[in-house]
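**Student:** I am attaching a structure below and will ask some questions about it afterwards.
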Amino acid sequence: MAKTVHAVAYLAAPAKHAPKAVNVVYGNDAFLKRLVLSALKKNALGSDDAGFSRSVFEGEKAVLKDVLDELSTVAMFGGGRRLVVIEDADNFVSLNRAKLEAYAEDPLPTGRLILEVKSWPTSTRLHRIIAETGLPVECSTPSGAQLSNWLVAWARQSHRAELEPGAARMMVEIVGPELGLLDQEIAKLALAVPEGAAISAKLVAERVGSWRARTAWEMIDAALAGNLREALVQLDRLLRAGEAPLGILAQISATLRRLAAATRLVLSAEAQRQRVTLRSALAEAQVRTFVLDKSERQLKHLGRDRGRQLYRWLLEADLALKGDSALPGRLILENLLIRLAARQTK
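The opening position of the sequence shown corresponds to residue 76 in the working numbering, with each subsequent residue numbered one higher.
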C-alpha cells in the first residue's frame, strides 16, 4: 500500500516517486505545490514537446466528461502519454467523488491525472483508494527544525550553496515560514559568498531583511492602499538599487497569493450558500494574526473581481518577466501596481 509522501521528501528525490494514474497534490503551501506540480509534469511527460500532451482545467469550470475525454486521447508527443491537471479541484472532487473513485480503481492507461486541492480528508474512500493505487503528495509548510533543515538541503540542491544550520535558523526567525521568500533570500545570499564558502549567520544578519525587503513590502502596502504614486516611488528605489524585476515580484507574490486564496475561499463559500467573513478567510489563507486588520483593508480595496484575478495577474507578470513579453521589466511591474492601486469600478 502506497503512503502519502511529503513534498520535502518528494522534491529531494522525484525519480523515486513515479507519477501514477491518479496523483493528488494537496495542502496550503503554494511554493511547495508549484515545485511538486512542476516535477510531476516533468516526470509524467519528460519531453521537449510536453506542452502538447498536457491539458489544464480550472476546478470551478471543469466537467468530468471533458476530463475523461482528454485522458483517453493518445498524445502525439510525450511518449503518447496524456497529462491532465485540474487546478483548485476541491469542488470538482466533491461533485464527482463517486465517479472519481470508480476511475481511480480502473484508470485509463493513456493518461495521468493530477488533482490539485487544498483539503484531502483521510476519512474518504477516495483518499483510501488513491493511497493504495495513486500518488498523494502533501504540501504543508515544514515547521521548527524541519524547516531549517529543509533550508540547508534546499540551498544545496537548488542553489549549490552551503547554508550553515545557524544561518538557516536565523533566516526563519527573520523572514518567517514563507518558503518562496526564503528561497529568494537564499538565491541572493548564494551570489554574495565566494565559491566554496558557506552562508554564515553573520551574512544573514547583514543581508536578509534589508531595506530592499522592507521597501518591497512598503511598495505593495502602498499599492493596496490605493497610493499608486508612493508605490511607484518605492519601485523606482528598488530598481535603481539594482534589484531584479523578477526578484521584486517574488518578494510581493506571497502577500498577493494569500489575498487571492482568501478571495477564493469567500467565493467558494458563497457558491455553497455559506457565509464566511473576510477575516476568517484571511486566517485560513495563512495570513498572520498581526497583519489581519491590514490584509482585510487590502482585500476590501481590491474587491472580489480583482481578488479573483490575482493568481492570473501574478502568472502573467511572472511569464512576462521570464521572456514572454518584450516589455521592460519596470513597465511590467508598473502595470501590476496600477491594477492593484486602482479604485474599484462601480
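Ideal Cβ positions, reconstructed from N, Cα and C, are used throughout, including at glycine.
Nearest CA to the CA of Asn166: which residue from Ala90, Ala401, Ala220 and Glu135?
**Tutor:** Glu135
**Student:** Buried or exposed for Ser198, please, with buried defined as at least 16 other CB atoms from any protein chain shown within 10 angstroms of its CB.
**Tutor:** exposed
**Student:** Please identify the residue among Pro240, His202, Leu266 and Thr290 whose C-alpha is closest to the C-alpha of Ile323.
**Tutor:** Comparing Cα positions, the closest option is Thr290.
**Student:** In the DSSP assignment, find the unbroken beta strand (DSSP E) run with Phe132 in it and report its ends.
**Tutor:** Arg129 to Glu133
**Student:** Spatial neighbours of Met76 within its chain, please: CB distance less than 7 Å, with the 5 preceding and 5 following residues excluded, ordered by chain position.
**Tutor:** Legend: pLDDT at Met76 = 45, less than 50; position of this residue unreliable, value from coordinates given subsequently. Closer than 7 Å at Cβ, skipping near neighbours: Ala206 and Glu207.
**Student:** With DSSP run on the structure shown, which of helix, strand or coil describes Pro211?
**Tutor:** strand
**Student:** Residue range of the beta strand (DSSP E) that Arg187 falls in?
**Tutor:** Gly186 to Val192
**Student:** Closest by CA to Lys263, which one among Met245, Pro252, Glu248 and Ala230?
**Tutor:** For Lys263, the closest C-alpha among the options Met245, Pro252, Glu248 and Ala230 is that of Ala230.
**Student:** Taking DSSP as the reference, what is the three-state secondary structure of His81?
**Tutor:** strand
**Student:** What residues in its chain sit with their C-beta under 8 Å from that of Arg333, if we drop five residues either side in the sequence?
**Tutor:** Excluding sequence positions up to five before and after Arg333, its CB lies within less than 8 Å of the CB of Leu357, Ala360, Gln361, Val362 and Ser370, all in the same chain and listed in chain order.
**Student:** For Val160, report the span of its beta strand (DSSP E) as first-last.
**Tutor:** Arg157 to Glu162
**Student:** Buried or exposed for Thr352, please, with buried defined as at least 16 other CB atoms from any protein chain shown within 10 angstroms of its CB.
**Tutor:** exposed
**Student:** Assuming the contact rule is C-beta atoms closer than 8 Å, Leu238 and Val227 should be a hit. Round their C-beta distance to whole Å, please.
**Tutor:** 5 Å
**Student:** Once DSSP output is grouped into helix, strand and coil, what is the label at Glu239?
**Tutor:** coil
**Student:** Ignore the nearest five residues each way along the sequence and tell me which others in Phe132's own chain have a CB closer than 6 Å to its CB.
**Tutor:** Ile161
**Student:** For the alpha helix (DSSP H) that contains Val341, what are its first and last residues?
**Tutor:** Pro320 to Ala346
**Student:** Tell me the DSSP secondary structure of Val227 in three-state form.
**Tutor:** helix
**Student:** Mapping DSSP to helix, strand and coil, what is Asn98?
**Tutor:** strand
**Student:** Does the pairing of the region 232 to 251 with the region 185 to 204 give three or more beta-carbon distances under 8 Å?
**Tutor:** no
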